[in-house]
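Visitor: Sequence lines, in order, name chains A and B. Position in the first sequence (first residue = 1) + 4 = my numbering. Position in the second sequence (first residue = 1) + 4 = my numbering. Using N, Cα and C, we set each Cβ at its ideal position, and we do this for glycine too.
Protein chains: 2
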Amino acid sequence: MSAMPMIELWRGGMLESVHAGHAVIWGPGGIEAAWGDPEAVIFPRSSCKMMQALPLVESGAAAAAGLSDRQLALACASHSGGAAHVSGVASWLSDLGLAEGDLRCGIHMPWDKDENKRLTCSEAAPCQLHNNCSGKHAGFLTLNRHIGGGSEYVELDHPVQRAVKAAFEEVVQETSPHWGIDGCSAPNFACSVAGLARAMQFFAAANPEGSAREAAAARLTRAMAAFPELVAGKGRACTELMAACKGRAAVKTGAEAVFIAIIPEQKRGIALKIVDGGTRASEAAIAALLVRCGLLERADPAVEKRLPSVQKNWRGLVTGEMRLAPGFA
Amino acid sequence: MSAMPMIELWRGGMLESVHAGHAVIWGPGGIEAAWGDPEAVIFPRSSCKMMQALPLVESGAAAAAGLSDRQLALACASHSGGAAHVSGVASWLSDLGLAEGDLRCGIHMPWDKDENKRLTCSEAAPCQLHNNCSGKHAGFLTLNRHIGGGSEYVELDHPVQRAVKAAFEEVVQETSPHWGIDGCSAPNFACSVAGLARAMQFFAAANPEGSAREAAAARLTRAMAAFPELVAGKGRACTELMAACKGRAAVKTGAEAVFIAIIPEQKRGIALKIVDGGTRASEAAIAALLVRCGLLERADPAVEKRLPSVQKNWRGLVTGEMRLAPGFA
């Protein structure tokens with residue numbers, strides 16, 4: 005099965021651009037709805053950070069380090085590198101007796117407008133704390149200290165990444181057919197869209213009083229939903245959609261237009277990938293699926309911002325709109 | 005016929021994302037090569053600015069105002085709002101006895117890094133001169149003064165836009181089935197990808213000593229090719245690809261992933277649209293077609309930047325590459 009059209013951009017009453025993709029909603033009984041090819045193999049990229057954080061929690065490393073839910077939210081984040089994100093990761097590393105130089109995520113300018121402006125206008129250089137994955141890496145370093153691994157914790161055969169791969173494959177219930185190096189240098193393991201949705205369903209249904217893995221999944225989901233601003237940042241889709249859901253769901257984006265949702269009250273997991281990697285479409289699609297599942301109203305500002313029923317130009321003139329393709333969501 | 009895959013993004017030996025589109029190469033004898041659906045109807049957006057500038061030149065308005073090739077390059081530009089662009093349009097308006105307030109393009113922050121930083125760090129506001137279309141609008145105002153139209157020159161029934169529509173339909177040799185309002189508030193007329201390529205072939209073959217329209221088309225092509233930095237800006241695809249072509253071709257991007265090329269020495273025109281609107285793919289695709297036509301080497305830095313044979317992450321680790329889809333270019 006091939007990708008199906010999901011998101012359309014209209015101008016002057018004519019379809020101008022269209023994004024196709026794959027999406028799966030997995031409920032307690034299995035697949036409840038699917039579009040495109042559920043078996044399409046994708047890189048989940050940052051949408052799987054809560055899976056990459058499972059060993060951190062289930063191993064006891066998080067408890068041993070006394071990590072808070074705020075820190076676990078940062079471990080699952082693709083944050084904007086704002087003041088709260090940078091200081092949160094900096095103090096976390098300091099608590100571990102480590103520093104920015106121990107990170108292996110690399111450096112990029114922060115997406116946070118205020119911090120980006122501060123650095124730009126002061127001619128200051130960003131550091132690894134600004135990297136959107138620095139919280140995930142602080143989590144890797146916390147696990148690494150607990151299990152006594154070496155400093156190069158992003159290498160494929162390092163105990164930290166071996167533990168991540170094992171947890172990932174067990175939760176998606178697939179043997180990963182490919183792996184790639186992510187933007188932050190950590191390995192990223194491929195899985196099917198259905199497998200990613202099934203894993204998110206496991207997180208949604210996880211019993212806080214259950215196995216070490218279930219308890220870890222439940223706590224990570226709660227941490228993400230409780231601190232939307234730490235998982236992404238001001239104005240970002242994950243932050244605004246989770247804030248609008250008021251703690252009822254955790255959602256997470258991944259590079260190249262992947263998006264997931266975890267809905268504990270419905271024991272439902274959602275995964276989607278827009279095949280062209282267009283983030284505007286993955287954000288619109290996850291917003292539409294949250295509406296379909298009854299978590300948000302179509303008119304909610306967090307939905308309307310991603311799926312604009314009216315688009316205007318620089319002078320405020322109406323130019324067109326974004327629409328769901330026929331048969332999607 | 006539907007869109008065909010053109011540009012692939014690979015990671016860890018696996019196809020991660022793919023962009024599909026339509027493309028046509030039109031030569032002296034008609035269509036020489038096509039991918040996807042040549043009859044697909046698209047909005048050319050800013051890729052048709054040289055057609056929107058035809059009435060300005062063929063009416064004699066440009067000559068009456070003593071416009072230089074630099075000014076005609078700005079009339080065909082989606083410029084970055086850098087110092088040279090802003091001052092060029094400001095002095096042009098001043099020569100007309102007009103000012104920034106006479107523009108109807110609206111305001112957005114400039115893409116030019118230096119000017120963007122200057123405004124951001126001085127808390128200064130951008131103006132309509134920074135709008136990437138301000139040169140096109142200065143051209144509209146020059147034509148408008150010549151024909152004595154009213155101040156609202158972007159309205160569909162204004163003499164300026166009626167002249168633009170007539171020239172557009174004559175050169176694409178189609179009756180435009182739709183029109184939309186562009187980001188800069190000017191009407192944008194739909195045409196087929198084949199019609200856009202045919203129009204670019206007319207520009208490529210236009211005789212400077214021929215009809216008023218041919219002379220206008222030839223001069224606009226020469227102006228674009230002669231001043232790549234005015235047509236876009238530092239680091240931009242149009243600028244770097246035209247500079248690499250050393251005056252042998254004019255290329256122009258349009259929003260939502262449209263790209264055209266005019267190759268006078270081959271009397272060839274090229275038009276393409278990536279259906280998902282992904283600019284990274286339209287830039288890669290036009291670069292590949294310029295290589296196919298023998299204007300650029302695959303290894304040219306301007307090509308490699310748009311079609312990277314190696315992609316690296318923040319730490320310089322190789323993560324994958326961009327590839328042409330089988331059967332394209």
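Are at least three pairs of beta-carbons, each pair with one atom in the segment 235-243 of chain A and one in the segment 58-74 of chain A, less than 8 Å apart?
Guide: At 8 Å Cβ cutoff, the stretches do not touch.
Visitor: Note down, in chain order, every chain B residue with its Cβ under 8 Å from the Cβ of T323(A).
Guide: G184, I185, D186, G187
Visitor: Which ranges would you report for the alpha helix (DSSP H) in the segment 206-277 of chain B if only whole runs of at least 4 residues count?
Guide: Within the segment 206-277 of chain B, the complete alpha helix (DSSP H) segments of 4 residues or longer fall at 216-230, 232-235, 241-249, listed in chain order.
Visitor: Expressed to the nearest angstrom, what Euclidean distance is found between the alpha-carbon atoms of V295(B) and A291(A)?
Guide: 41 Å
Visitor: So what does DSSP say about C109(A), is it helix, strand or coil?
Guide: coil
Visitor: Look at I29(B) and R272(B) and say whether their C-beta atoms are less than 8 Å apart.
Guide: A contact, by the Cβ cut-off of 8 Å.
Visitor: I'd like to know if H112(A) contacts chain B, where contact means its C-beta is closer than 8 Å to some C-beta of that chain.
Guide: yes
Visitor: Counting only the same chain and skipping the five closest in sequence on each side, list residues whose C-beta sits under 6 Å from that of A227(A).
Guide: D73, L76, A77
Visitor: Excluding five sequence neighbours on each side, which residues of the same chain lie with their C-beta closer than 6 Å to the C-beta of I278(B)?
Guide: H23, G25, A261, A285, S286
Visitor: Run through the DSSP bridge pairs and tell me what H23(A) is partnered with.
Guide: I11(A)
Visitor: Using DSSP's beta-bridge definition, name the partner residues of L328(A).
Guide: I11(A)
Visitor: Can you tell me where the beta strand (DSSP E) with A38(A) in it begins and where it stops?
Guide: It spans 34-39 - the beta strand (DSSP E) in which A38(A) sits, taken as one unbroken run.
Visitor: Would you say W39(B) lies against chain A (beta-carbon separation less than 8 Å)?
Guide: no
Visitor: So with Cβ pairs under 8 Å, would you call R115(B) a contact of chain A?
Guide: With the sequence shown as reference, residue 115(B) is identified as Trp, and Arg is not the correct amino acid for it. False, the Cβ-Cβ gap to chain A never drops below 8 Å.
Visitor: Taking its Cβ as the centre, do 16 or more other Cβ atoms sit within 10 Å of Q56(A), making it buried, or is it exposed?
Guide: Buried: at least 16 other Cβ atoms inside 10 Å.
Visitor: Using a Cβ-Cβ cutoff of 8 Å, what residues of the segment 150-171 of chain A are near chain B? List them in chain order.
Guide: none
Visitor: Alpha carbon to alpha carbon, what distance is there between H89(A) and G1(A)?
Guide: No information on residue 1(A) is available, as it lies outside the stretch 5 to 333 that chain A covers here.
Visitor: One question on the structure: do N211(B) and A222(B) come within less than 8 Å of each other, judged by their Cβ atoms?
Guide: yes
Visitor: Can you name the residues of chain A whose CB is closer than 9 Å to the CB of E173(B)?
Guide: Per Cβ cutoff of 9 Å: no residues; E173(B) is ~16 Å from chain A at best.
Visitor: Please classify E12(A) as buried or exposed, where buried requires at least 16 other C-beta atoms within 10 Å of its C-beta.
Guide: buried
Visitor: Kindly indicate which three-state DSSP category W318(B) falls into: helix, strand or coil?
Guide: coil
Visitor: In the DSSP assignment, the beta strand (DSSP E) including G184(B) goes from what residue to what residue?
Guide: 183-185
Visitor: Between which two residues does the beta strand (DSSP E) harbouring P191(B) extend?
Guide: 191-193
Visitor: Span of the alpha helix (DSSP H) holding L97(B)?
Guide: 87-99
Visitor: CB M326(B) to CB A288(B), shorter than 8 Å?
Guide: yes
Visitor: Taking the alpha-carbon positions, what's the A66(A) to G324(B) distance?
Guide: 33 Å
Visitor: Look up G139(A) in the DSSP assignment and say whether it is helix, strand or coil.
Guide: helix
Visitor: Consult DSSP for T124(A) and reduce its assignment to one of helix, strand or coil.
Guide: In the structure shown, T124(A) sits in a helix (DSSP, three-state: H, G or I).
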